[in-house]
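Worksheet: the structure to be examined is printed underneath.
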Amino acid sequence: AGLVNYYNTGHWSMIHVTWNEINGRVIEVTQNDRGVLTSFLKDKAVKVPEHAEYVHFKVKVRKETYTYAYSFDGEQWTDIDVTLDAAILSDDYVVQSYGGFFTGAFVGMANVDYSGYDLPADFDYFMYKELENK
15 AGLVNYYNTG
25 HWSMIHVTWN
35 EINGRVIEVT
45 QNDRGVLTSF
55 LKDKAVKVPE
65 HAEYVHFKVK
75 VRKETYTYAY
85 SFDGEQWTDI
95 DVTLDAAILS
105 DDYVVQSYGG
115 FFTGAFVGMA
125 NVDYSGYDLP
135 ADFDYFMYKE
145 LENK
């Protein structure tokens, strides 16, 4: 479960809490680029501390790139060292392989249950705000 930047089913990325056999609950960044799935952190996925009651995510979008960050307290943020190409979420990029257009890219919350156990993901809030120009 996590924060997604979404164009369509073949063009999106997300920062999310998932599970791996080595570290248990971890934070990963995943991208779907024309149906090619990439997990960026893999063995370097961020372990979620046992005491962490909440995991906070944010995305910082610039004109041509964007990055993700996480926090366990909502105050101290850690940037993920993965810079994503915002063009992958654009009409011009998608039309090269799929034709037609969509409503444009958007950001939101996502939950995917690959396990089939119907486990819930609870979200307390979602906030969108523009960054100041710097």
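If you're matching positions, the sequence shown starts at 15 in my numbering and goes up one per residue. Where a beta carbon is used, it is the ideal one built from N, C-alpha and C, also for glycine. Quantities reported herein were computed from a predicted structural model and do not represent experimental measurements.
Rounding to the nearest angstrom, what Cα-Cα distance links Tyr131 and Val73 in this structure? For the purposes of this step, residue 131 is identified with residue 117 of the sequence shown, where counting begins at 1. For the purposes of this step, residue 73 is identified with residue 59 of the sequence shown, where counting begins at 1. About 29 angstroms.
Measuring alpha carbon to alpha carbon, tell me which residue in Ala135, Val75, Tyr21, Phe86 is nearest Ser145. In the sequence shown, residue 145 corresponds to position 131, counting from 1. A small correction: the amino acid at residue 145 is Leu; Ser does not occupy that position in the sequence shown. It is Val75 whose Cα lies nearest to the Cα of Leu145.
Straight-line Cα distance separating Asp87 from Thr12: Because the chain is modelled from 15 through 148, residue 12 falls outside the range shown and cannot be assessed.
Span separating the alpha-carbon of Lys135 from that of Lys56: Here residue 135 refers to the residue found at position 121 when the sequence shown is read from its first residue. Here residue 56 refers to the residue found at position 42 when the sequence shown is read from its first residue. Note that residue 135 corresponds to Ala in the displayed sequence, not to Lys. Each residue's Cα considered, the two are about 22 angstroms apart.
Cut-off 7 angstroms between Cβ atoms - residues of its own chain near Tyr80, not counting five sequence neighbours on either side: What you label residue 80 is simply residue 66 of the sequence shown in a count that begins at 1. Same-chain partners within the cutoff: Asn19, Val73, Lys74, Leu98, Ala100.
Where Lys143 sits in the DSSP three-state scheme: Residue 143 sits at position 129 when you count from the first residue of the sequence shown. Coil at Lys143, not helix or strand.
Whole-Å CB distance - Tyr107 paired with Ile29, under 8 angstroms assumed: Sequence index remark: in the sequence shown, residue 107 carries index 93 (1-based). Sequence index remark: in the sequence shown, residue 29 carries index 15 (1-based). Not really, about 21 angstroms apart at Cβ, beyond 8 angstroms.
Distance, Cα to Cα, Tyr139 vs Gly38? Position 125 of the sequence shown holds residue 139. Position 24 of the sequence shown holds residue 38. Each residue's Cα considered, the two are about 24 angstroms apart.
Residue span of the beta strand (DSSP E) that contains Tyr80, given as start and end: What you label residue 80 is simply residue 66 of the sequence shown in a count that begins at 1. Element bounds for Tyr80: 79 to 85.
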